[in-house]
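So that you can map any letter, position 347 of the sequence shown is 346 in numbering that gives the first Met the number 0, and since no number is skipped, the others follow by simple counting. Beta carbons: idealized from backbone N, C-alpha and C, even for Gly. Just so you know, these numbers come straight off a predicted model, no measurement behind them.
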Amino acid sequence: MLGDDTEDESEECASALFSPLEMPEEPTNPKEAWEGPNGKEWKKASDEEMGSIIKNDTFDLVNLPPGRKAISSKWLFKRKTDADSNIERYKSRLVAKGYHQQKKNDYNEVYAQVVKGTTLRTLLAAAAIKGWVVKQMDIVTAFLNGVLEEETYMEQPEGYNNGIGRVWKLKKALYGLKQDPRQWYIKLREVSASLPQRPINLCPCLARRDVEKRWMRVHQKKYLEALAANFGKSEGHVTTPLPSGFKCVKGPGEENFGEEERHLFHSLVGSLMYVVVHTRPDAALATGQQARVVQCPNEEQVADGERVAKYLGQTATIGLQYSAAAQRRQKGADGVEPGRLFLTAFSDASWASEPEDMTSMGGFICYIGGGPTVWESKKQVDQALSSVEFEYMALFCAIREVVW
């Protein structure tokens, strides 16, 4: 189910969510960081980053071989805050400009596996029902542990150049390289092979649970409040993501929109999609409508997108809730042995609901532990000849996900 929470309960939750929407402005280059306000803190953070790189034996200082090009690097600076936006520490990170890499010279394969959101939500539902204890961990400078398979050269970073005209020959991965995720995955797979369990990626949400009651709730309250503060600023209260009778029709877009306005709308839609994918299936249809016009929005469509952000902000404490008691109330769950997982799936379709091409909208949602674990709302490519036909098409999508 989609569960709500009270303010005092949400304050007990520990945030594992990186929320760029609330961050104050950070320095954009080393000179601005090291010579500006809080310069000592930024320089200390940069020294710590370099110390980690050197300690990890990431590079050798060599002469650049003839015919090879060295990519450049960049310093990034970020203030890390707690749940109340108080600065906890200053973070400095050296990243390679991977977009300068040349395929077959600097890298080859880049594919790396990551956990699917459905898998993670199913795990959390199972933990709530069975009373499992869920643990997580953070691996410091994780990508620096990956061993490179190709020869990659990089210019010495600003502020740490010894002036002898040499370059770094990277032996291990550095943030920003195209092959970083793959090399880290390979390293993690090697280590996990010796463990009795596999490591699970961190959940990008807030989670609160009661082991005795076998209950868990996952939400993104902090992120949604920041999202609404940035985009959903209009006054008034809304009870639905979009108004009744809403129809999304692509148009020529707003001619007066400049690059900045379009970028802001792109940022809004991307933020909405991030939330919908993880914890808010109730906004999936509305967000999908905004994604259709992301390249050419007009003022009315921008206002619709801001309404979705406003709705999510006003319902920020709503999230996914899993419990053994809720599973017993699922449709068809009568007689299911306590502690066993039970899955219920629903599908629906609206025949020829799209005015542009008379295609249909279809969607499905699956429940375990009384809460959603996977959902989808999308426009179908194929045209159906009847409502029954398209209901079967939507049902097929649900069954395909269940079988997976």
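Residue i and residue j closer than 7 angstroms at C-beta
i	j	result
L223	G312	yes
R279	V237	no
A241	A285	Looking at the sequence provided, one finds Leu at residue 241 rather than Ala. Closer than 7 angstroms, so yes.
Q182	V109	no
T372	T117	yes
G301	F345	For clarity, residue 301 is Val in the given sequence; the question names Gly instead. Against a cut-off of 7 angstroms, the Cβ pair of F345 and V301 comes out as no contact.
A69	E154	yes
Y106	E149	yes
Distance, residue j Cα to residue i Cα
i	j	result
I53	S322	47 angstroms
R327	M136	32 angstroms
L169	V132	40 angstroms
E25	N37	11 angstroms
Y152	G164	13 angstroms
I317	R78	28 angstroms
V401	A228	37 angstroms
R216	A127	9 angstroms
V166	S91	21 angstroms
R410	S84	Any question about residue 410 goes unanswered here, given that the chain covers just 0 to 403.
Q112	Q329	33 angstroms
E34	W41	9 angstroms
P64	M49	24 angstroms
A172	K43	23 angstroms
D381	E299	29 angstroms
K134	K115	18 angstroms
R67	E87	42 angstroms
A282	L319	13 angstroms
N161	V190	35 angstroms
F389	E260	38 angstroms
T121	K221	23 angstroms
F58	K103	20 angstroms
Y391	Y366	20 angstroms
A192	E47	31 angstroms
Q379	I398	16 angstroms
W374	N62	54 angstroms
E258	S266	12 angstroms
G244	W403	35 angstroms
T239	Y310	7 angstroms
F76	Q289	32 angstroms
K232	T27	28 angstroms
Y174	L60	18 angstroms
L404	S385	Look at the range of the chain in this structure, 0 to 403, and you will see that residue 404 is not part of it.
Integer-rounded CB distance, given that residue j should sit under 8 angstroms from residue i
i	j	result
L93	P180	About 18 angstroms; that fails the 8 angstroms criterion.
P29	G130	Not a contact, Cβ separation roughly 50 angstroms.
Q419	V276	An answer regarding residue 419 cannot be provided, because it is not within the stretch 0 to 403 covered by the chain.
G287	S376	6 angstroms
A124	G334	In fact, because the Cβ distance is near 19 angstroms, the residues do not count as touching under 8 angstroms.
G370	A324	Incorrect: roughly 12 angstroms between the Cβ atoms, too far for contact.
W74	S51	Contact flag wrong, Cβ pair sits at about 14 angstroms.
A393	D347	6 angstroms
Unbroken beta strand (DSSP E) run spanning residue i, endpoints
i	result
E25	It is not in any beta strand (DSSP E) - E25 carries neither H nor E in the DSSP assignment.
S51	Counting along the chain, S51 falls outside any beta strand (DSSP E), though it belongs to the alpha helix (DSSP H) covering 38-54.
G361	360-367
H218	214-218
S322	318-322
Y152	146-154
A344	342-349
L284	Run containing L284: none in the beta strand (DSSP E); it sits in the alpha helix (DSSP H), 283-291.
G269	That residue, G269, is in no beta strand (DSSP E); its alpha helix (DSSP H) goes 258-277.
P371	370-378
V166	166-171
F142	Looking at the DSSP string, F142 is not in any beta strand (DSSP E), and its letter there is neither H nor E.
F76	72-80
D59	58-61
Limits of the alpha helix (DSSP H) - the one that residue i falls within
i	result
D179	179-191
T118	116-129
Y89	Taken as a continuous stretch (DSSP letters only), Y89 belongs to no alpha helix (DSSP H), being part of the beta strand (DSSP E) at 86-95.
D303	298-313
S386	386-402
Residue i Cβ short of 6 angstroms to the ligand NAP heavy atom set
i	result
A302	The ligand NAP is absent from the structure shown, which contains no ligands of any kind.
**Asked** Does the stretch 288-297 touch the stretch 91-109, meaning 3 or more C-beta pairs lie closer than 8 angstroms?
**Response** no
For the structure I just gave you, are there three or more beta carbon pairs, one from the stretch 338-345 and one from the stretch 136-149, closer than 8 angstroms?
no
contact_flag[the stretch 262-270, the stretch 358-373] where n(CB pairs < 8 angstroms) is 3 or more: no
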